[in-house]
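Undergrad: For reference, the structure I am asking about is given below.
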Amino acid sequence: MHAIVSKNQRGLSLIETIIYIALFSLMIGSLVFVSFQLMQNSRNTGSRVVTQEEINFVLKKINWALTGATDISVPSSEELTIANPNIPGGSAKIEFDDANDKITLDDEDITTINVRVDSLVFTHILAVGSSPEGVNIGLSIGGQTTALSKYLKI
Numbered sequence: 004m005h006a007i008v009s010k011n012q013r014g015l016s017l018i019e020t021i022i023y024i025a026l027f028s029l030m031i032g033s034l035v036f037v038s039f040q041l042m043q044n045s046r047n048t049g050s051r052v053v054t055q056e057e058i059n060f061v062l063k064k065i066n067w068a069l070t071g072a073t074d075i076s077v078p079s080s081e082e083l084t085i086a087n088p089n090i091p092g093g094s095a096k097i098e099f100d101d102a103n104d105k106i107t108l109d110d111e112d113i114t115t116i117n118v119r120v121d122s123l124v125f126t127h128i129l130a131v132g133s134s135p136e137g138v139n140i141g142l143s144i145g146g147q148t149t150a151l152s153k154y155l156k157i
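Numbering (our numbering), first residue to last: 4 to 157.
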């Protein structure tokens, strides 16, 4: 049996096939590009979240050590000594180890290897009149910077 093929049913010409393949390739290329961008943004967001969680953890540890403190001293801009009867041993020392990019509380690391500590700066706030003494804390981890001021209760 022979099928009768009319002029309108001949199929695709070579030019039409090339155009369809080019359009299909363009769509696939765009899909790959968009997928790569989504994965890259997801990775960057995850990194920022980990860094922010680390900053929050360090600030909570420092705040915990300062809550109920009776005296503080700042021997250097990267070291804070705290007298606090509410913590084990009655005192604590928080310092920034610049050589290893980490923060320690009584010689125990309070930062993880997941992040790089850029800086930790303590500034002593002297008591003036009825204002209590305190400390300003500047912290930079993974390029994100934050600050905290904590005052001793009178």
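Where is the CB? At the ideal position from N, CA and C, for every residue including glycine.
No experiment lies behind these values; they were computed from the predicted model shown.
Report the option in Asn59, Leu17, Asp121, Pro135 whose CA atom is closest to the CA atom of Thr73.
TA: Pro135
Undergrad: Would you mind reading off the limits of the beta strand (DSSP E) that contains Val120?
TA: 120-128
Undergrad: Report all residues from its chain with a CB closer than 8 Å to the CB of Gln55; omit the five preceding and five following residues, and keep chain order.
TA: Gln147
Undergrad: Taking the C-alpha atoms as reference points, what is the distance between Leu151 and Met42?
TA: 34 Å
Undergrad: Please classify Glu87 as buried or exposed, where buried requires at least 16 neighbouring CB atoms within 10 angstroms.
TA: The sequence given here places Asn at residue 87; Glu does not occur at that position. By the 10 Å Cβ count, Asn87 comes out buried.
Undergrad: When the distance is taken between beta carbons, is Gly141 closer than 7 Å to Ile128?
TA: no
Undergrad: Please report the distance separating the alpha-carbon of Tyr154 from that of Asn47.
TA: Between Tyr154 and Asn47, the C-alpha separation is close to 35 Å.
Undergrad: Run through DSSP, which three-state label would Asn59 get?
TA: helix
Undergrad: Counting pairs of beta carbons, one from the region 62-69 and one from the region 32-40, are three or more of them closer than 8 Å?
TA: no
Undergrad: Does Val52 pass the burial test, meaning 16 or more other C-beta atoms within 10 Å, or should it be called exposed?
TA: exposed
Undergrad: Is it buried or exposed, Ile31, if we count other Cβ atoms within 10 angstroms and call 16 or more buried?
TA: exposed
Undergrad: Compare the beta carbon distance of Val120 and Ile85 with 7 Å and say whether it is the shorter of the two.
TA: no
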